[in-house]
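Participant: Provided herewith is a single structure, encoded as structure tokens, for subsequent inquiry.
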């Protein structure tokens, strides 16, 4: 009887190319022939010999089947055809290995989702872009207070001086934010934000109304009719998109305005506005020390840059400081991007925190995809025979790695679809939480609750990174030493083993899992501590708050004591009416309320009561507020030591203050502060050129730390309270 190997080889020669016979078929047939002869020598029956032959033939048939499949994939292979085959195989593997698919998809989706949300936060809040024509060239001008190391808005006098002198910034414009009641027809009044704004604004932003006309310079003249531009949302909600709305009347505050235009949908410049009125301010009517603050902005001239515009402003600032040292000795103008002129620049600490947040999100992608790579490697190990067959049939290392990369890429793309959907929902929730706490219902027009196209591109980059980690790393490991493994592919030839790269990956994961909980727990404890401190002695849900304001510039008798008297009378009448409302236990007034951000000041204290400066306490920053006499009573906050304010503290020259426990501890070293004195050293430094010192204030009481906003830093937890004098400058006049 002719040995079975002869017939099998003849059959294989008909199915496979000659080159494949030498690498794969001949060694397999030689092994089968040796086992057949060994069985014959041991005197096995023909039945047992036939079983041996059948088993080897089945194995050989499997090799031939694999060989023909791989040959078809490699012979006449083109990139497009090969990619199509790879994708089909990857999709089949997704269904075949459903457990790996589910685990890998969830893990990758979580990592990519985290990266998307972190990048979107970085883009919108750290590096926002104005969605206007040439928005990157719109800049603002701020004043830098070198004595206080702070930024402040320019004044009306600054704007008028710069408007015609600055050449590197075109169409210099300004605005100030107002809060007025709006009345349309017989509707109830509703408070709205209104921008008193220069007519040049609409040349800066390059936007025109969809109906009517924009504001023009003639509208800014004294005695001109009062006009208003309304937003598209106002036009739709209050005028039902009436095309004849132009010419209709709207009452803002107590002044009727005629509608002259409707701005395009989505236009909310300069911040979150839907009403625009002309800016009518004459510097002649204001002493320089009382000049109204404005936001000043413009568009860089063609060819100009921020760096090129700054020297021009520096020269103008030096000229103003020399002419008016009382008000401008410590002020220097600076050109900054528009959004930075509104909210200021982020501190180095904030930028570092966001940078590390993004870096950690990328690291999370690496670690999670490393886990998926381990699973992919384990699956590849079960396909070692297939990989060896493909290599024997002529598939190069790059071709095999490419197949494994495509498999990982298909898995990563499925995960990316899940991640983008999850990230959109997550970002909407995070956006709502952040904007509600930071901006309230006035969200800047450049912020949005949808994931931006740039972030989607970043998500695509993360998907490729995930596929590279989960596909290329296993591919490189699986295909290492293919030639050696081909020669050792017989029994006992060994297989795939974990190497150093997987050990490093596992060690990194263990290290991260050990490190990450520490800052998370610390942050949680800080937030909990701040929250407890914020609500100590105060239940915010039991209080309502409102801002009291009256326009000095738009009412008769709007100058000096006459206006001050009208404002005081209106405030007292409002208090009286509120106190008669059922369910109201008390009404009080303060310049800044608890849980709100308080302005920061720099103080110095005396040495034991005499008006001598304790140098060890100089340059300490505290927050301050002016309060009504019944402020602590209404808020159920007891005085811990000393006394509360009384009517005697309202006399001219009384200058008494109440401090909280934090200030008593840090400024007076825990000693009794009653009778000690403090003053604001930042203003003293500004007045040094005139040898004018700020007056001293005597501490008469100590109150607990209550209503401290959780986000306030330690420098603002120390707080000083002044008595609010009726008719005094402490009222928030606007």
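Residue numbers (our numbering): 1256 to 1989. Note that CB positions come from ideal geometry on N, CA and C, so glycine has one too.
Can you name the start and end residues of the alpha helix (DSSP H) that residue 1692 belongs to?
Facilitator: 1652 to 1693
Participant: Please name the residue, chosen from 1850, 1877, 1845, 1597, that lies closest to residue 1856 on a Cα-to-Cα basis.
Facilitator: 1877
Participant: Determine the direct distance from the alpha carbon of residue 1399 to that of residue 1407, and round the result to whole angstroms.
Facilitator: 6 Å
Participant: Taking C-alpha atoms, which residue in 1546, 1675, 1930 lies nearest to residue 1373?
Facilitator: Here the closest residue by C-alpha is 1675.
Participant: Would you report the Cα separation of residue 1551 and residue 1391, rounded to the nearest angstrom?
Facilitator: 16 Å
Participant: Could you check whether the stretch 1651 to 1671 touches the stretch 1630 to 1638, counting it as contact only if at least three pairs of C-beta atoms, one from each stretch, sit closer than 8 Å?
Facilitator: At 8 Å Cβ cutoff, the stretches touch.
Participant: Residue 1581 lies in the alpha helix (DSSP H); which residues open and close that run?
Facilitator: 1580 to 1583
Participant: Going by CA-CA distance only, name the one from 1894, 1567, 1976, 1529 that's closest to residue 1958.
Facilitator: 1894
Participant: In the DSSP output, which residue or residues are listed as bridge partners for residue 1434?
Facilitator: Answer is 1448, bridged to residue 1434.
Participant: Have a look at 1592, 1439, 1433 and flag the residue whose alpha-carbon is nearest the alpha-carbon of residue 1533.
Facilitator: 1433
Participant: Could you tell me the boundaries of the beta strand (DSSP E) in which residue 1977 lies?
Facilitator: Note, residue 1977: beta strand (DSSP E), 1974 to 1978.
Participant: For residue 1619, which residues of its own chain have a beta-carbon under 6 Å away from its beta-carbon, when the five flanking residues on both sides are left out?
Facilitator: 1366, 1369
Participant: Taking 7 Å as the line, does the beta carbon of residue 1681 fall inside it for any heavy atom of the ligand NAD?
Facilitator: What this structure holds is no ligand at all, so the ligand NAD is not there to describe.
Participant: Is it buried or exposed, residue 1465, if we count other Cβ atoms within 10 angstroms and call 16 or more buried?
Facilitator: exposed
Participant: Quick check on this structure: which residue in 1880, 1828, 1901, 1359 has the alpha carbon closest to the alpha carbon of residue 1976?
Facilitator: When only C-alpha atoms are compared, the closest one is 1880.
Participant: Taking the C-alpha atoms as reference points, what is the distance between residue 1483 and residue 1383?
Facilitator: 29 Å
Participant: Could you tell me the boundaries of the alpha helix (DSSP H) in which residue 1221 lies?
Facilitator: Because the chain is modelled from 1256 through 1989, residue 1221 falls outside the range shown and cannot be assessed.
Participant: Can you check which of these residues, 1888, 1889, 1882, is closest to residue 1911 by C-alpha distance?
Facilitator: Of the candidates 1888, 1889, 1882, the one whose C-alpha sits nearest the C-alpha of residue 1911 is 1882.
Participant: What are the start and end residues of the beta strand (DSSP E) that includes residue 1844?
Facilitator: Residue 1844 -> no beta strand (DSSP E), and no H or E assigned at all.
Participant: Given a cut-off of 8 Å, decide if residue 1897 and residue 1929 are closer than it, judged by their beta-carbon atoms.
Facilitator: Yes.
Participant: May I have the straight-line CA-CA distance separating residue 1597 from residue 1338, to the nearest angstrom?
Facilitator: 52 Å
Participant: Please tell me whether residue 1842 and residue 1830 are closer than 8 Å, where the distance is taken between their beta carbons.
Facilitator: Going by C-beta atoms, residue 1842 is nearer than 8 Å to residue 1830.
Participant: Let me confirm a value: residue 1414 is counted as buried when at least 16 other C-beta atoms fall within 10 Å, else exposed. Which label applies?
Facilitator: buried
Participant: By Cβ distance, which residues of its chain are closer than 8 Å to residue 1707, with the 5 residues on each side in sequence left out?
Facilitator: 1375, 1378, 1379
Participant: Quick check on DSSP: helix, strand or coil for residue 2062?
Facilitator: Absent from the model: residue 2062. The displayed extent of the chain is 1256 to 1989, so no value can be given.
Participant: Determine the contact status of residue 1450 and residue 1530, defining contact as a CB-CB distance below 8 Å.
Facilitator: yes
Participant: What is the DSSP secondary structure of residue 1552, counted as helix, strand or coil?
Facilitator: strand
Participant: Flag this pair as yes or no: are the beta carbons of residue 1730 and residue 1655 separated by less than 8 Å?
Facilitator: yes
Participant: Could you tell me which of 1538, 1525, 1467 sits nearest to residue 1514, measuring between CA atoms?
Facilitator: 1467
Participant: Could you check the C-alpha separation between residue 1902 and residue 1885 for me, to the nearest Å?
Facilitator: 11 Å
Participant: Find out if the Cβ-Cβ distance for the pair residue 1480, residue 1516 is shorter than 8 Å.
Facilitator: no
Participant: To the nearest whole angstrom, what separates the beta carbons of residue 1590 and residue 1568, a pair I think is in contact under 8 Å?
Facilitator: 6 Å
Participant: Exposed or buried, what is residue 1797 when buried is set at 16 or more other beta-carbons lying within 10 Å of its beta-carbon?
Facilitator: exposed
Participant: Taking residue 1628 as the reference, give the member of 1565, 1488, 1595, 1732 with the closest Cα.
Facilitator: 1732
Participant: If we call anything under 8 Å between Cβ atoms a contact, is residue 1395 one with residue 1593?
Facilitator: yes
Participant: Taking the DSSP output, what are the residues bridged to residue 1562?
Facilitator: According to DSSP, residue 1562 bridges with nothing at all.
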